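Chains as they are written, first to last, in our numbering: chain Y, 15 to 441; chain D, 78 to 863.
The C-beta atom is built at its ideal place from N, Cα and C for all residues, glycine as well.
Quantities reported herein were computed from a predicted structural model and do not represent experimental measurements.
Below is one structure, written out as structure tokens; comments come after it.
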Amino acid sequence: MTSSSGSTAAGVRALLCAIMAVALAAAGCAPADGGRRGTIVFADGRDTSQGAQIKALVNRWNADHPGQYVRMVELPESTDDHRAQLAARAQDAVAAPSAANGCIDVIALDVVRTAEFAHWGYIEPLDPDEFDGKEFLPTTLETGRYRGRQYGIPLRADVGLLYYRKDVLDAEGMRPPQSWEELRRQAMTVAPRHGLAGYVTQLDRYEGFTVNALEAIWAAGGNVVNDKGEAVANPAEAVRGFQRIPQGLREGWILADSVDYNEEGARTAFQDGRALFMRNWTYAYRLLGAQGSPVLGKFGVAPLPWPSALGGWNLALSRCSRNRDTARAFIRYLTSESSERALFTGAGFAPARRALYEDPTLVRAYPHLPQIRRTVERARTRPVTPDYDWLSNTVQEHLYPTLTDPSAVAHRMSDLVGELRGPTSAG
Amino acid sequence: MDQTIFIVDVQGFGSPERTADDQEKIRRGLERALRKAFADSGLNWDACHYEDRGDGCLMLLPQEHRERLVWPLPGHLARELREHNARHRPEARIRLRAAIHFGDVTRDGQGYSGNAIITTRRMVDAQELKEELAASSAPLALIVSDWIFENVARKSHNHQHRDYRRVTFDFKSDQSGNAWIRLPEPLNRDDDSSRDRSIPRPWTPPVGPFTRSAGALGVVLLLVLSLTAGGDARLGGCPRPPAEIRVLVSAEKESVIRTVSRDFERVSRDADGCPTAHVRVAAVPFAGAVDDSLAQGWLDGDQGEVSAEADVWLPDSGLEVSRLRRLLEDGRAPGVSVHSLGSIAQSVVVAAAPRRLVERLGLEAGAYRWEDMLDWPRRLPDGVSFARPSPRSSSVGLAATVALYRATLNVGALTAETMGAAGVPQRLHAVEHIMTHGDEDPVRLLCALRNAPPDSELRRTTFLVSEKIALDYRGGEPLGGRCGPSSTAPELVPLYAEDGAPLLDHPFVVIDRTEPPRSPARSVAIEEFYRYLLSDQARQRLRQAGYRDPTGAGPDRDSPVPSRPPVREQYGLFDDRALLETWDRVRRSARVLLAIDQSRTMSEPFPYHKGTRLAAAVDAVWLSLRLVGARDEIGLMGFAADLSGSRDHRLLLPLGRPTTGHRRNMERALRGLRAVDAAPSLHDAIGAAVDRLRDDDDGPDTTDAVIAIADGTDPDGPSTAALADRLAAGDPVRLFVIAFRADGCASGLDEVARDSGGECYEVDGMAGMRRALDGIAAGLWGVPHS
């Protein structure tokens with residue numbers, strides 16, 4: 015994995031960036047308070063599909079707001095690296111609130127991070143009314159809440175969708191499956207007839223695995239952690255639900271390579287025409303339908319045959335921020351209807367605002383919009399806990415190895431739940 | 078103070094079939110089994126001192142526990158272990174040896190010590206006990222000391238002492254003693270009528286930082302909180318977040334550091350099971366290759382610059398740190414500094430050679446000399462290749478290059494002076510052409526070697542890699558993540574440089590910033606992480622991954638490696654900037670077209686030479702063969718007016734690599750060379766040579782050059798201005814002229830040559846000839862003339 019000289023420059027730059035400080039213009043000396051305007055720093059995730067749109071929006075803000083310059087910092091692509099960067103900086107900022115530099119005023123947070131960042135005081139509660147709270151679909155606004163207070167304003171929502179080969183299903187006179195059983199049946203019978211694998215999804219050992227695992231568990235009426243954040247006592251349904259995944263791999267209708275795939279891996283496999291069905295997020299739609307895609311005109315999109323996990327990103331205000339007026343105004347701007355429209359039409363993510371789903375021109379241009387809305391409204395949230403990172407890693411640690419061994423699911427799940435339960439267990 | 082000592086050891090804990098996951102399952106299972114067995118035996122867990130040893134544990138119990146420890150605890154423990162084993166796959170099952178003794182134990186700053194503990198350890202490691210367990214299917218084998226047997230087992234009322242058999246064990250190197258072993262039968266829960274009904278509270282581990290191995294005692298005192306359900310982290314409810322540590326690691330260490338980081342996160346949980354540290358690991362390529370042009374651009378504050386800061390950096394070698402530190406001193410990143418806390422592991426650069434080569438060259442002793450290595454291709458007729466990573470992108474590459482160059486030039490230090498001396502560029506150039514297998518990463522090549530066909534060149538390649546990678550290859554470990562073992566992989570024998578294998582010292586580097594300063598909690602966590610990396614548990618992981626201790630011990634692999642090979646530190650032996658610049662230049666390939674004047678004036682005698690100018694020119698051609706390396710190309714042209722029909726030049730030998738065949742052809746061509754009675758046509762010939770070079774495609778980084786060996790004038794030919802235009806109009810070709818006339822370079826030829834990146838030399842004897850050739854070598858592979 016040492017790079018050849020061609021990519022060394024980029025790699026070296028990465029290292030050099032890693033050790034250098036983000037040099038920021040001094041934001042002033044007044045204590046963090048309301049009534050302050052000036053330069054702020056904004057960190058987005060490194061999401062290439064929407065990156066250009068966000069940058070364009072930031073540029074427009076900067077053109078329109080002299081004296082309130084938004085300096086944008088892109089954090090690493092992987093959600094775990096993104097989180098680590100923000101958490102380290104936030105911990106430093108909390109420990110040294112009078113430090114002049116280093117605060118990232120506005121941060122984009124994956125929805126699963128709200129609890130962690132709110133719980134440890136890295137971010138500030140916001141008044142939803144100041145940010146058009148009522149204009150958002152309730153489930154999306156909920157992702158920014160923790161213990162009754164609003165910390166995040168939806169930048170975009172996201173859900174899993176079932177992408178399918180419309181040409182194949184039409185030829186067979188079938189409609190997309192509405193249950194796991196139906197998916198399995200169609201995958202086992204129809205796909206081989208057309209030289210396709212049945213179903214591809216993200217099962218590599220990362221957050222995507224946890225998403226797929228939870229969806230499978232929920233689909234069977236089970237759970238690992240209840241709404242109060244406690245581990246469930248009896249994981250029988252969770253076992254039944256999750257076991258279907260390794261069984262599907264064993265039966266061969268789930269593409270075996272899925273165990274190495276993240277979102278891009280699965281999308282590539284489906285785009286290359288290797289599978290009949292794919293679970294993936296909304297972003298894939300645009301890429302599958304782009305010029306040159308082998309499945310252009312051949313694929314359709316439907317709600318998952320089970321409740322989807324709710325994804326998305328929110329914007330939050332850091333506690334260390336001083337120029338809070340600017341920061342809040344910027345959050346309002348970036349989550350406004352016109353900004354969201356630009357993000358949606360530019361990159362295809364699910365909107366969080368009701369108005370976009372009800373806009374006739376958008377619905378005409380994107381006929382699957384109503385389906386996305388239904389999916390968003392019915393989507394389930396992953397466990398809300400400041401320890402979500404640990405929880406997800408523990409799920410992966412226990413369950414990922416069972417992908418090759420369905421019979422191990424039962425005792426692994428029991429170990430998992432035991433570990434989640436913590437010291438209150440009799441042991 | 079007298080204590081009852083109870084030591085258990087998991088048989089075969091470190092066996093290679095067990096994954097880290099298995100080991101974790103074993104440790105948890107052991108802990109659970111012990112606690113349950115204690116409860117069932119009416120023993121108060123809280124009253125006992127418990128320490129994890131990594132693969133077993135040490136417990137000290139109050140006296141009143143003695144009887145129940147001897148019976149019925151082993152029976153309950155056997156049952157618990159049996160149940161654990163029923164639920165787990167073979168690699169995660171527990172087979173346990175347990176030893177019970179009684180004696181004086183002292184407590185000092187580092188933990189518990191005393192001869193009684195040593196004795197108990199010797200007992201649990203007794204060969205007979207191991208064999209007894211291995212030969213049976215029982216989950217537990219018990220050994221008790223003579224004292225325990227006489228004073229406890231015999232005195233109990235259930236006659237279980239009859240189940241014991243006596244063995245001897247070595248409790249000192251020259252002394253043996255008696256002990257008693259048995260295989261306890263699993264007891265049902267209700268069998269023991271003396272069971273106490275009280276249920277112990279959940280175990281809380283002793284609070285405090287872990288300590289390192291207590292030296293000569295060999296008692297490993299580690300507090301591994303994760304062994305108990307009580308130490309598991311909980312959802313919510315912890316008072317503060319885990320301190321975040323962002324770690325950058327070299328690609329080679331990524332996997333083992335991830336494992337060690339997870340261990341560390343577990344170990345550093347507090348008494349309530351709350352994590353106090355969280356480590357995020359990312360791999361980064363080698364940072365040493367920083368040149369000024371890159372440095373210009375790194376503080377780019379434009380939008381879109383990906384900012385990924387780190388707190389800890391774990392490169393392969395401190396050489397990388399030196400380079401980065403120099404850059405920081407240049408003021409490129411205000412407020413940022415780095416400092417190294419020390420080495421966490423060691424490795425060395427080895428030459429992994431095919432067994433066949435080792436045998437043919439008689440290197441079975443496992444040592445080689447750098448200067449001899451350069452000779453191997455000559456000694457092995459079917460050829461030898463080398464693969465060495467680029468010194469710009471790898472610590473191993475940098476270390477190997479330093480060693481090679483020093484051996485070639487036989488100098489103490491590699492500086493701009495020593496590497497720029499006359500005659501040096503072509504020698505280093507030759508070295509580079511022997512050493513390099515393109516720019517491919519040797520790890521990728523090793524992967525390809527595993528499945529290489531029988532006639533592949535890779536099977537004749539010696540790989541300069543780190544010892545760890547060489548061992549990974551030998552051990553069938555995945556290389557670079559995804560390359561699995563193969564049954565047909567040819568053997569590679571690691572060889573060590575006689576005068577010291579270049580050392581890779583794996584430092585732990587902390588990156589500090591003044592704005593904003595690091596939070597105290599994070600700073601403490603970083604120090605704890607460093608100390609953890611030096612703990613026995615972490616060192617064991619690193620040794621198993623193929624590294625050596627910071628003290629040089631290890632690695633723990635099956636392959637035979639010298640226990641402490643001579644190593645050579647390379648700090649101070651080279652100027653890194655000068656070295657990399659030199660490397661860049663001397664590794665270039667060149668295509669050299671020699672153009673020899675065959676006009677009538679070449680038949681004049683040449684001073685200090687027994688022949689004519691033409692004969693001298695022929696000698697010059699032979700000498701210039703020494704300029705070129707194995708991957709250069711060389712060709713030959715002759716010129717004179719109307720030499721070849723209406724043309725003034727003739728191709729005598731097309732461009733080709735200086736193989737034996739090519740040299741033979743050159744010899745033939747030169748032998749037939751005669752001066753003709755014609756005027757010179759130097760400028761035309763040069764033009765034609767240039768065209769020929771431009772017609773053929775060359776690779777990237779290839780220098781094209783024409784070396785014209787001539788009298789120097791071309792009175793009837795096109796002007797030098799026209800020649801200059803021709804040279805300027807197209808891909809760069811360097812012109813070197815060796816002129817025999819006293820003013821051969823006048824009339825503008827010297828300017829034309831210099832403008833093209835070459836030079837014109839007026840030569841009046843062989844000494845001058847050699848100087849000219851040195852100058853040409855410098856022009857091609859040395860520091861260009863200003």
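Residue range of the beta strand (DSSP E) that residue i falls in?
| i | result |
| --- | --- |
| Leu173/D | 173 to 181 |
| Thr538/D | 538 to 543 |
| His165/D | From DSSP, His165/D is part of no beta strand (DSSP E); its letter is neither H nor E. |
| His126/D | 126 to 129 |
According to DSSP, is residue i part of a helix, a strand, or is it coil?
| i | result |
| --- | --- |
| Ala40/Y | Confidence at Ala40/Y is low in this model, with a pLDDT of 35, below 50, so the placement of that residue is unreliable and no value is reported for it. |
| Ile231/Y | helix |
| Gln164/Y | strand |
| Thr281/D | Interpretation of Thr281/D is limited by its pLDDT of 28, a score under 50 that renders its predicted location unreliable; the figure taken from the coordinates is listed afterwards. Here Thr281/D sits in coil by DSSP. |
| Gln410/Y | helix |
| Gly738/D | helix |
| Gly91/D | coil |
| Gly381/D | Legend: pLDDT at Gly381/D = 38, less than 50; position of this residue unreliable, no value from coordinates given. |
| Gly845/D | helix |
| Pro149/D | coil |
Determine, for residue i, whether the minimum Cβ-Cβ distance to residues of chain D falls below 7 angstroms.
| i | result |
| --- | --- |
| Gly162/Y | no |
| Ala330/Y | no |
| Ala102/Y | yes |
| Pro437/Y | Only weak support exists for where Pro437/Y lies, its pLDDT of 43 falling under 50; the coordinates are left without a value. |
| Trp75/Y | no |
| Trp327/Y | no |
Below 6 angstroms, is the gap between the Cβ of residue i and the nearest heavy atom of the ligand HEM?
| i | result |
| --- | --- |
| Met86/Y | Among the ligands in the structure shown, none appear at all, so the ligand HEM cannot be discussed. |
Please compile the residues from chain Y whose C-beta is within a distance smaller than 7 angstroms of the C-beta of residue i.
| i | result |
| --- | --- |
| Pro579/D | Those do not exist, as Pro579/D stays about 16 angstroms from chain Y at its closest Cβ, beyond 7 angstroms. |
| Asp98/D | Pro415 |
Who are the neighbours of residue i on chain D, taking C-beta pairs under 8 angstroms?
| i | result |
| --- | --- |
| Gln99/Y | Arg323, Ser384, Ala385, Glu386 |
Any C-beta of chain Y sitting closer than 7 angstroms to the C-beta of residue i?
| i | result |
| --- | --- |
| Ser233/D | no |
| Arg357/D | yes |
| Glu164/D | Strictly speaking, residue 164/D in this sequence is Arg, with Glu absent from that position. Yes - at least one Cβ of chain Y is within 7 angstroms of the one on Arg164/D. |
| Asp379/D | Residue confidence for Asp379/D is low, a pLDDT of 35 falling below 50, so the modelled location carries little weight and cannot support an answer. |
Starting from the beta carbon of residue i, find every residue of chain Y whose beta carbon is closer than 8 angstroms, and list them in chain order.
| i | result |
| --- | --- |
| Ser596/D | Gln105, Asp106, Val108, Ala109, Ala110 |
| Ala320/D | Gln105 |
| Pro352/D | Trp404 |
Between which two residues does the alpha helix (DSSP H) harbouring residue i extend?
| i | result |
| --- | --- |
| Glu208/D | 204 to 212 |
| Trp327/Y | Trp327/Y -> not in any alpha helix (DSSP H); beta strand (DSSP E) instead, spanning 324 to 331. |
| Ser472/D | 472 to 486 |
| Pro502/D | 501 to 512 |
At 9 angstroms on the CB atoms, spell out the chain D contacts of residue i, in chain order.
| i | result |
| --- | --- |
| Trp320/Y | Result: empty, since nearest Cβ-Cβ is about 24 angstroms, beyond 9 angstroms. |
For a contact defined as C-beta to C-beta under 9 angstroms, what are the partners of residue i on chain Y?
| i | result |
| --- | --- |
| Arg599/D | Ala102, Gln105, Asp106, Ala109 |
Can you name the residues of chain D whose CB is closer than 7 angstroms to the CB of residue i?
| i | result |
| --- | --- |
| His79/Y | Simply none; closest approach about 15 angstroms. |
Counting pairs of beta carbons, one from the region 659 to 672 of chain D and one from the region 692 to 712 of chain D, are three or more of them closer than 8 angstroms? yes
Counting Cβ pairs, one atom from each stretch, are 3 or more of them under 8 angstroms apart for the region 595 to 609 of chain D and the region 429 to 444 of chain D? no
Pairing CB atoms from the region 283 to 290 of chain Y with CB atoms from the region 216 to 232 of chain Y, are three or more of them under 8 angstroms? no
Touching by the beta-carbon criterion (3+ pairs, under 8 angstroms), the region 570 to 580 of chain D and the region 421 to 428 of chain D: yes
Segment contact, 8 angstroms Cβ cut-off, at least three pairs: the region 381 to 391 of chain Y with the region 216 to 230 of chain Y: no
Is the number of C-beta pairs between the region 126 to 137 of chain Y and the region 93 to 108 of chain Y that are closer than 8 angstroms three or more? yes
Three Cβ pairs or more, each shorter than 8 angstroms: is that satisfied between the region 538 to 548 of chain D and the region 519 to 530 of chain D? yes
Do three or more CB pairs link the region 682 to 698 of chain D to the region 750 to 757 of chain D at distances below 8 angstroms? yes
With a cut-off of 8 angstroms, do at least 3 Cβ pairs link the region 156 to 174 of chain D to the region 88 to 103 of chain D? yes
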